[in-house]
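Please read the structure below before turning to the comments.
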Amino acid sequence: MTNRNLSVVGNSHIRKDAVPKALGTAKFAADYTFDNMLYAGVFRSRVPHAAIRRFDATKALQIPGVARVLTAKDIPGANRIGIIVKDEPILVDDKVRRVGDAIAVVAAETQEAVAEALEAIEIEYDELPPVFSTDEAARAGSAKVHGDTNLFMSRHLEFGDVDKAFAACDVVVEGTYRTPAYAHMFIEPDAGVGWIEDGMVTVCASTQNTHYDRSEVARMLGVPNNRVRVIQATTGGGFGGKLDISVQCHVALLVHATGRPVKMVRSREESTEVSSKRHPFVMHCRTGATKDGKLQAVEMKIVSDTGAYASYGPAVITRAVVQCAGPYDVPNVRADAAFYYTNNPMSGAFRGFGVPQIAFCHEGQMNALAQALGMDPIELRILNAQRPGTVLPTGQVLDESVGFVETLEAARAKAGEVLRATKPTQGIGVGCMFYGIGNTGLPNPSAAFVEVTGDGSVNLMVGCADIGQGSTTVMAAVAAEELGLAYEDVLVVAADTMVTPEGGATSASRQTFISGNATRAACRQAKQTLLAVAAEFLNAPAEDLVFRDRKVFSGKDPSVSMTYPELMAEMKKWGKLAVGAGYYNPKTTYLDPQNMAGVPYEVYSYATAIALVDVDPGTGEVTVEKVVSANDVGTAVDRAMVEGQIEGGMAMAQGFAVFEEVEVSEGRIKNPIFSKYLIPTAMDVPEVYPVIVETAGEHGPFGAKGVGEPALIPGIPAYANAVENVIGARIFELPMTPARILAKLHKPPGL
Amino acid sequence: MQKIVVAFTLNGKPVRIETAPGKRVLDLLREDFGCLSVKDGCGEGECGACTILLNGEPVTSCQMLAGQIDGDDVVTLEGVCEDGRPSRLQECFLAAGAVQCGYCIPGMVLTAKALLAKSPHPAPEEIRRALSGNLCRCTGYAKIFKAVRMAAGEEGGGAP
Chain A
1 MTNRNLSVVG NSHIRKDAVP KALGTAKFAA DYTFDNMLYA GVFRSRVPHA
51 AIRRFDATKA LQIPGVARVL TAKDIPGANR IGIIVKDEPI LVDDKVRRVG
101 DAIAVVAAET QEAVAEALEA IEIEYDELPP VFSTDEAARA GSAKVHGDTN
151 LFMSRHLEFG DVDKAFAACD VVVEGTYRTP AYAHMFIEPD AGVGWIEDGM
201 VTVCASTQNT HYDRSEVARM LGVPNNRVRV IQATTGGGFG GKLDISVQCH
251 VALLVHATGR PVKMVRSREE STEVSSKRHP FVMHCRTGAT KDGKLQAVEM
301 KIVSDTGAYA SYGPAVITRA VVQCAGPYDV PNVRADAAFY YTNNPMSGAF
351 RGFGVPQIAF CHEGQMNALA QALGMDPIEL RILNAQRPGT VLPTGQVLDE
401 SVGFVETLEA ARAKAGEVLR ATKPTQGIGV GCMFYGIGNT GLPNPSAAFV
451 EVTGDGSVNL MVGCADIGQG STTVMAAVAA EELGLAYEDV LVVAADTMVT
501 PEGGATSASR QTFISGNATR AACRQAKQTL LAVAAEFLNA PAEDLVFRDR
551 KVFSGKDPSV SMTYPELMAE MKKWGKLAVG AGYYNPKTTY LDPQNMAGVP
601 YEVYSYATAI ALVDVDPGTG EVTVEKVVSA NDVGTAVDRA MVEGQIEGGM
651 AMAQGFAVFE EVEVSEGRIK NPIFSKYLIP TAMDVPEVYP VIVETAGEHG
701 PFGAKGVGEP ALIPGIPAYA NAVENVIGAR IFELPMTPAR ILAKLHKPPG
751 L
Chain B
752 MQKIVVAFTL NGKPVRIETA PGKRVLDLLR EDFGCLSVKD GCGEGECGAC
802 TILLNGEPVT SCQMLAGQID GDDVVTLEGV CEDGRPSRLQ ECFLAAGAVQ
852 CGYCIPGMVL TAKALLAKSP HPAPEEIRRA LSGNLCRCTG YAKIFKAVRM
902 AAGEEGGGAP
């Protein structure tokens, strides 16, 4: 545990955004209306792979109230978008690659006229042979989704001498694991509005990354970045699904063409159909150990369907490979991953970037290994845990900021109090993970601007989008702590490209760490000016001065002090302004493409979940009763919010482990709505016991790391391993539906 | 187009409007009365974001047409707030840390209000059952349950 002496960080605050949300006055994108506003919709393909033979909007344009129908020909600049690889058309110009591809946008005076126009558009396709599986994608002679190969990307990691190590192992466990595509199912469907202000196209949308959105809109319009403004509307959840462009370009194009305000709101079905999905993984894994349980080697092969467009595929494949061996000290590791383009829904970012998938695999392996060795699963993990000094499969040497063993011990202690299997249908399982904070082996900076105004209240401007996880509150706490003010003194303006600097994506659990460090750097710059004035006034050395609780005082003699109002009056007298700009880029290196060697992340979060489940032998139904989850977050900036992440994560993990699965048939999602894609309800969720572990380390602001994705990941393998321990058969496939469990129960144990 | 006149009580005030008979109550409240707390999350009555209180009962307003509320008492979250400030129940949501993205919160508060009106000291299972028609993807419901228990006086304030 830390023994930092902090006054703001580490408490629980009323979130900055909570009051308007509780009052119902927070404005989500669909809540905006303007005079003279047009409504808009998208004409989408209903076939997975085709050239467009004929497109005719004549009848649509004759419908009263229809203002415009725009196609690719109406795009003034670039017609390709994508966070990493620009392979997705804003409007189809060459061929359709998936069901739901955008072909035209329609704007009309009413929503009804939009719907009528979408029905009236005529289209004829020349269908192309579709690619619906990675096997078909890989087959020589298959149709090609992009270019001349469907192999989108492959990655190879090699560390140590894997073959030699396996030959010397006493025990080797092996399995092929499968996870499906999942849907984010944020409760607010994607939406946005746009208008022209001072000649500038302005878009206000539900998003996780305004600065990326701005660059795509600017490229599309062929104008400089600073001639487009993107503002984040209050955003009703994202989980990675609002990292890609949704309505932003379509709205901007219509605003540009009409000069009028435009609103576009996706239906639930449309939102699910065209936003990204979690990459479905097939993982083959071998794990070898000595007879006393020491891990010697891990080998993993991963194949995934990245769908029609790249989206965040490169981030998922790279992270999955570098983290494939889990939070353990493994001296020999090999991983090979291959991602294929298909005509299926686009796979992309979803809370964890491939780690929820690989954690299901490496933790299944650890459970099997514990059984094979007759070892306690926690002891096996403690024996092999990453610790300060451990060398990762990338060659990175861990420093002191590693709290994995602490999470194992804390979770075990809490589980001892609250989890008890009392019936043969009940069982307990363990799941662990580590998670690199930020983008993998890439620069990913964030910036902040700060001003301490004349009365000691603060304006803080950060690009980082709060999508409900609470980054705005975190930034306020960090600024208040650094400046020695109160949480209430800080106003945060977030994610408005005309006001705030670049914040990067709200993804990869990076904002607390990276935008938090940027905020602290900006505050330190402002503080330099404050410090010089205070030192002069107090006649004390600047290095002795402490900023805390709206006061500045000498750490050597607290009676030498001044209040913030006194300090700001001094500042005014001398004509000084307390302003600061700062940015932070995590200390990483690019990875060697031959073997993935390098420093993919500056810092890692750790977590251990221990779950109690019940398996009904008659129906095969899995009930998750209780779960303890201990997360090493470095420093909890806000304890209630960290707990909220863990509680929400354990619920989402239940969905993934037990009942969620996107059903895709012929490239079409069969269950895009809540009545068919079930997410955990208040009746389903387990009792969650969050445990906060705080390790030493000074990488993040006041030692904070990240928790958004780490809060989800360990629950999935914990639930799977608990079920495995009840039924005595290994779980290789998610979700654990009643049918799958019954099939296992009717086989002899061990198969 | 044929129009109908609908008269009902909205947040304590009698209102009257001429509207298309096929208009969803959700759209009527948002577009004609500016009740923007009523959210459209799915349009099929599954997510509960469009919950309103109809004669005190939580219902999904996306599944009702304008003509169906004639003569009824309708309460939206706007009617729960007290002069634009949070009511005690909403204060409990704030103090419990129950709000994350916030999209489900108006429906959650209204459903909780209806529950507490009927059952001032609900058992944990009763809270779960009552809220089971309101989906939340962020919180795992734990702090929402806590907010309801706090409002029922079952759990100390422990205001953060």
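These protein sequence lines are chains A and B, in that order.
In terms of my numbering, the first sequence opens at residue 1 and continues consecutively.
In terms of my numbering, the second sequence opens at residue 752 and continues consecutively.
We put the CB at the ideal spot given by N, CA and C, even for glycine.
For residue i and residue j, I'd like the C-alpha separation in whole angstroms.
i, j, result
"TYR892(B)", "LEU845(B)", "14 Å"
"THR770(B)", "LEU816(B)", "10 Å"
"THR619(A)", "THR207(A)", "41 Å"
"ALA22(A)", "PRO857(B)", "7 Å"
"ALA865(B)", "GLY807(B)", "6 Å"
"ARG53(A)", "GLY288(A)", "56 Å"
"ARG4(A)", "GLY555(A)", "15 Å"
"PRO331(A)", "VAL298(A)", "9 Å"
"PRO735(A)", "THR272(A)", "19 Å"
"LYS676(A)", "PHE186(A)", "15 Å"
"GLY147(A)", "LYS705(A)", "40 Å"
"LEU761(B)", "ILE646(A)", "38 Å"
"PHE34(A)", "ALA78(A)", "29 Å"
"THR2(A)", "GLY634(A)", "Note that THR2(A) has pLDDT 47, beneath the 50 cutoff, so the model's placement of it is unreliable and the number below is only indicative. Distance between the alpha carbons of THR2(A) and GLY634(A) is about 8 Å."
"VAL171(A)", "HIS279(A)", "31 Å"
"PRO89(A)", "HIS250(A)", "11 Å"
"PRO911(B)", "TYR487(A)", "Here PRO911(B) scores only 34 on pLDDT, less than 50, and its place in the model is too uncertain to base an answer on."
"ALA640(A)", "ARG260(A)", "43 Å"
"THR110(A)", "ILE768(B)", "19 Å"
"PHE281(A)", "PRO356(A)", "10 Å"
Which residues bound the alpha helix (DSSP H) around residue i?
i, result
"PHE404(A)", "404 to 418"
"SER154(A)", "Taken as a continuous stretch (DSSP letters only), SER154(A) belongs to no alpha helix (DSSP H), being part of the beta strand (DSSP E) at 151 to 159."
"SER215(A)", "210 to 221"
"TYR32(A)", "Taken as a continuous stretch (DSSP letters only), TYR32(A) belongs to no alpha helix (DSSP H), as it is neither H nor E."
"LEU866(B)", "856 to 869"
"ASP163(A)", "162 to 167"
"LYS527(A)", "516 to 538"
"GLU833(B)", "No alpha helix (DSSP H) holds GLU833(B); DSSP gives it neither H nor E."
Only counting the same chain, and skipping five residues up and downstream in sequence, which positions put a Cβ closer than 6 Å to that of residue i?
i, result
"THR407(A)", "TYR606, ALA607, THR608, ALA630, ASP632, VAL693"
"VAL579(A)", "GLU451, ALA526"
"GLY436(A)", "PRO600, TYR601, TYR604"
"ILE123(A)", "PHE55"
"ASN585(A)", "PRO443, PRO445"
"ARG420(A)", "none"
What distance in whole Å lies between the Cβ atoms of residue j and residue i, which are believed to be in contact at a cut-off of 8 Å?
i, j, result
"PRO345(A)", "GLY307(A)", "5 Å"
"LYS27(A)", "ALA233(A)", "6 Å"
"VAL622(A)", "VAL658(A)", "5 Å"
"ASP496(A)", "THR25(A)", "Going by Cβ atoms, the distance from ASP496(A) to THR25(A) rounds to 19 Å, so no, they are not a contact pair."
"THR425(A)", "ASP616(A)", "7 Å"
"THR756(A)", "SER471(A)", "The structure shown does not extend to residue 756(A), since chain A spans only 1 to 751, so no value can be given for it."
"SER7(A)", "ARG548(A)", "5 Å"
How is the beta strand (DSSP E) around residue i delimited, first residue to last?
i, result
"LYS705(A)", "It is not in any beta strand (DSSP E) - LYS705(A) carries neither H nor E in the DSSP assignment."
"SER561(A)", "561 to 563"
"THR811(B)", "808 to 811"
"ASN459(A)", "458 to 462"
"THR394(A)", "Unbroken run through THR394(A): none, as it is neither H nor E."
"ILE389(A)", "Residue identity check: residue 389(A) is Gly in the sequence provided, not Ile. Segment: none, GLY389(A) is in no beta strand (DSSP E) and carries neither H nor E."
For residue i, collect the residues of the same chain with a Cβ closer than 8 Å to its Cβ; drop the 5 residues on either side in sequence, then sort them by chain order.
i, result
"GLN819(B)", "VAL776"
"THR318(A)", "ARG155, THR440, GLY441, LEU591, MET596, PRO600"
"GLY792(B)", "CYS798, GLY799, ALA800, CYS801, TYR854, CYS855, LEU886"
Leaving out five residues on either side along the sequence, give the residues of the same chain with a beta carbon under 7 Å from the beta carbon of residue i.
i, result
"ASN343(A)", "PRO48, HIS49, ARG97, ARG98, PRO130, VAL131, PHE132, VAL145, ALA308, GLY667"
"ALA137(A)", "VAL131, ASN150, TYR340, TYR341, THR342"
"ASN885(B)", "GLY799, THR802, CYS855, GLY858, MET859, THR862"
"ALA410(A)", "ALA630, VAL691, VAL693"
"PHE360(A)", "TYR177, THR179, ILE716, PRO717, ALA720, LEU734"
Ranges of the alpha helix (DSSP H) found wholly within the stretch 101 to 158 of chain A, counting only runs of at least 4: Fully enclosed alpha helix (DSSP H) runs of 4 or longer: 111 to 120, 134 to 138.
Length-filtered (4 minimum) alpha helix (DSSP H) runs lying within the stretch 560 to 630 of chain A: If one requires a minimum length of 4 residues, the alpha helix (DSSP H) runs lying completely within the stretch 560 to 630 of chain A are 564 to 573, in chain order.
Minimum length 4: unbroken alpha helix (DSSP H) runs contained in the stretch 423 to 505 of chain A: Restricted to the stretch 423 to 505 of chain A, the alpha helix (DSSP H) segments that are unbroken, complete and at least 4 residues in length are 471 to 483, listed in chain order.
Inside the stretch 675 to 739 of chain A only - alpha helix (DSSP H) runs reaching at least 4 residues: For the stretch 675 to 739 of chain A, whole alpha helix (DSSP H) runs of length 4 or above, ordered along the chain, are 715 to 727.
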